[in-house]
Amino acid sequence: MKYIDIAGKKAARIAFGSTNFGGSVEEGRAWELLDAYWQAGGNYLDTAHVYGDFVTPKNGESEKVIGRWMARMHNREKVFLSTKGAHHVLGTEPVGRLSREELKRDSSKSLEALQTDCVDIYWLHRDNPAYEVGEVMENLQALVEKGVTRLIGASNWSTERICEANAYARAHGLTPFYGNQPQFSLAIQGKPDDSSLVSADARMLKMHADTQMLMTPYSSQAKGFLTRYDVKGEEGLGEKARRRFLTPENLAIYARCKEVSLRTGLSVGALALLWLIKQPFPLVPLVGASRPEQLGQVFEAADADITPADRDYIRRI
Ligand SMILES: NC(=O)c1ccc[n+]([C@@H]2O[C@H](COP(=O)([O-])OP(=O)(O)OC[C@H]3O[C@@H](n4cnc5c(N)ncnc54)[C@H](OP(=O)(O)O)[C@@H]3O)[C@@H](O)[C@H]2O)c1
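Read in our numbering, the sequence shown has 303 at position 303, and its numbers run on one by one without any break.
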């Protein structure tokens with residue numbers, strides 16, 4: 001596994017996500033996945049207060065599963081730990097719960113579930129334009145000053161609001177957003193099911209290239225679209241991969257990726273992750289898996305490289 005430095009702490013170049021831990025991925029399976037990722041040198045775990053609740057609401061089961069795993073492994077200090085709060089209550093309007101009280105409550109429940117007193121980065125899971133950015137940054141500053149988190153980040157925020165928030169933070173001596181967590185993958189995602197989700201567009205990519213802000217994109221493997229298509233064609237696609245990614249444009253990307261795969265010996269799944277890692281700004285893809293055998297391409301990409309020419313041949317930004 002190669003690593004990057006994130007504000008003085010060593011973090012794996014590919015992060016492991018946990019949306020369904022404690023939900024459709026039961027705890028024993030989640031621990032198997034965590035063990036496999038850890039043994040491959042992975043130390044960057046991404047979770048959220050709402051994870052695990054999509055199937056059976058249990059109040060933050062994913063964080064609890066990770067908390068129990070870290071306690072068993074005695075490895076909290078070596079883990080780069082990322083969690084999120086401010087998500088709407090499931091089934092209600094998808095806008096961030098960004099008041100000081102809500103952030104305080106969410107973050108303290110997260111710390112308890114994770115069995116830690118501080119995370120490495122705390123993300124706002126959603127935005128809510130009813131809040132001025134100044135109020136949001138002041139509320140986040142309170143968490144930083146309380147020692148809840150070292151760094152803060154914005155997930156599913158627009159480029160405009162991120163820039164506005166960071167300008168406010170810098171002008172007022174507050175902690176700016178260190179990272180941005182949008183959807184971004186080699187295969188281009190169509191319209192998301194939830195209009196409050198944000199995919200990286202040209203403007204956002206330019207902002208990252210200009211500022212060198214960290215991006216940690218989710219659904220970075222396009223829900224396994226390229227790998228599944230490579231193995232079994234359209235037949236192999238899951239419902240989500242088919243609905244969000246099966247387009248002529250993505251099939252053309254697949255064809256170029258396959259050419260590079262045949263020439264380099266790297267799988268299309270590994271190439272999709274390396275294409276992200278090789279963007280001209282710091283980027284740590286967040287990957288998900290429901291079975292350990294799905295992690296092969298992740299481990300392949302953990303140590304490999306591609307040339308800028310191959311990156312641009314596969315898909316030029
Ligand atoms: N901030 C946000 O709003 C947000 C939103 C979404 C996710 N996230 C974070 O980002 C992480 C990654 O997102 P994601 O899970 O959507 O990413 P992803 O890596 O694009 O998708 C993971 C899914 O792809 C399929 N897959 C992976 N490897 C495969 C393989 N080798 N062969 C076939 N299928 C394969 C599996 O689907 P099956 O399980 O169906 O087999 C797996 O669950 C999440 O766990 C979470 O931590 C954040």
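Cβ atoms here follow ideal geometry from the backbone N, Cα and C, with glycine treated the same way.
Query raised in the report: Do you know offhand how far A157's Cα is from Q183's?
Result: Residue numbering aside, residue 157 sits at position 157 when the sequence shown is read from its first letter. Residue numbering aside, residue 183 sits at position 183 when the sequence shown is read from its first letter. What sits at residue 157 in the sequence shown is Trp, not Ala. C-alpha separation (whole angstroms): 11 Å.
Query raised in the report: Is the region 214-231 close to the region 164-173, with three or more CB pairs under 8 Å?
Result: no
**Report entry** A71 and N43 closer than 8 Å at C-beta
**Finding:** Within the sequence shown, numbered from 1, the residue matching residue 71 stands at position 71. Within the sequence shown, numbered from 1, the residue matching residue 43 stands at position 43. Cβ distance not < 8 Å, so A71 and N43 don't count as in contact.
**Report entry** Distance cut-off 7 Å: Y229 Cβ against heavy atoms of ligand 1
**Finding:** In the sequence shown, counting from the first residue as 1, residue 229 sits at position 229. No, the Cβ of Y229 stays beyond 7 Å of every heavy atom of ligand 1.
**Report entry** Where the beta strand (DSSP E) containing G179 begins and where it ends
**Finding:** Here residue 179 corresponds to residue number 179 of the sequence shown, with the count starting at 1. Counting along the chain, the beta strand (DSSP E) containing G179 begins and ends at G179 to Q181.
Query raised in the report: Should S220 be listed as close to ligand 1, given that the test is whether its C-beta is under 7 Å from any heavy atom?
Result: As a working mapping, residue 220 is identified with position 220 in the sequence shown. For ligand 1, at least one heavy atom lies less than 7 Å from the Cβ of S220.
Report task. Indicate the three-state DSSP secondary structure (helix, strand or coil) for F245 in the structure shown. Result -> In the sequence shown, counting from the first residue as 1, residue 245 sits at position 245. Of the three classes helix, strand and coil, the one that applies to F245 here is helix, per DSSP.
Query raised in the report: Applying the criterion that 16 or more other CB atoms from any shown protein chain within 10 Å of the CB defines a buried residue, is H74 buried or exposed?
Result: Stepping through the sequence shown from its first residue, residue 74 is reached at position 74. Classification for H74: exposed.
**Report entry** Spatially closest choice to L81 from H49, Y254 and N59, by CA coordinates
**Finding:** Start at 1 with the first residue of the sequence shown, and residue 81 comes out as number 81. When each option's Cα is compared against that of L81, the closest is H49.
Query raised in the report: Which stretch, first to last residue, makes up the alpha helix (DSSP H) that contains S108?
Result: Position 108 of the sequence shown, counted from the start, is the residue given in the question as residue 108. Residues R100 to L114.
Query raised in the report: A16 and A30: beta carbons closer than 8 Å?
Result: Taking the sequence shown and counting its residues from 1, the one referred to as residue 16 is at position 16. Taking the sequence shown and counting its residues from 1, the one referred to as residue 30 is at position 30. Reading the sequence as shown, one finds Phe at residue 16 and not Ala. No, these two residues do not count as a Cβ contact at 8 Å.
Query raised in the report: Is the beta carbon of Q221 less than 8 Å from the beta carbon of L273?
Result: Your numbering for residue 221 matches position 221 in the sequence shown. Your numbering for residue 273 matches position 273 in the sequence shown. Going by C-beta atoms, Q221 is nearer than 8 Å to L273.
Report task. Figure out for me which residue from I152, M1 and G8 has the closest Cα to the Cα of A169. Result -> Taking the sequence shown and counting its residues from 1, one reaches residue 169 at position 169. Selected option, being the one with the closest Cα: I152.
Query raised in the report: At a cut-off of 7 Å, is G42 close to ligand 2 when judged by its beta-carbon and the heavy atoms of the ligand?
Result: Although ligand 2 was asked about, the structure shown includes only ligand 1 as ligands.
Query raised in the report: What is the residue span of the alpha helix (DSSP H) that D312 lies within?
Result: The count along the sequence shown starts at 1 and reaches residue 312 at position 312. D312 -> alpha helix (DSSP H) spans P308 to I314.
Query - Same chain, Cβ closer than 6 Å to G236, neighbours up to 5 away in sequence not counted - result: Residue mapping note: residue 236 aligns to position 236 of the sequence shown, counting from 1. Around G236: R228.
Query - Buried versus exposed call for Q297 [16 or more other C-beta atoms within 10 Å across all chains shown] - result: Counted from its first residue, the sequence shown places residue 297 at position 297. Classification for Q297: buried.
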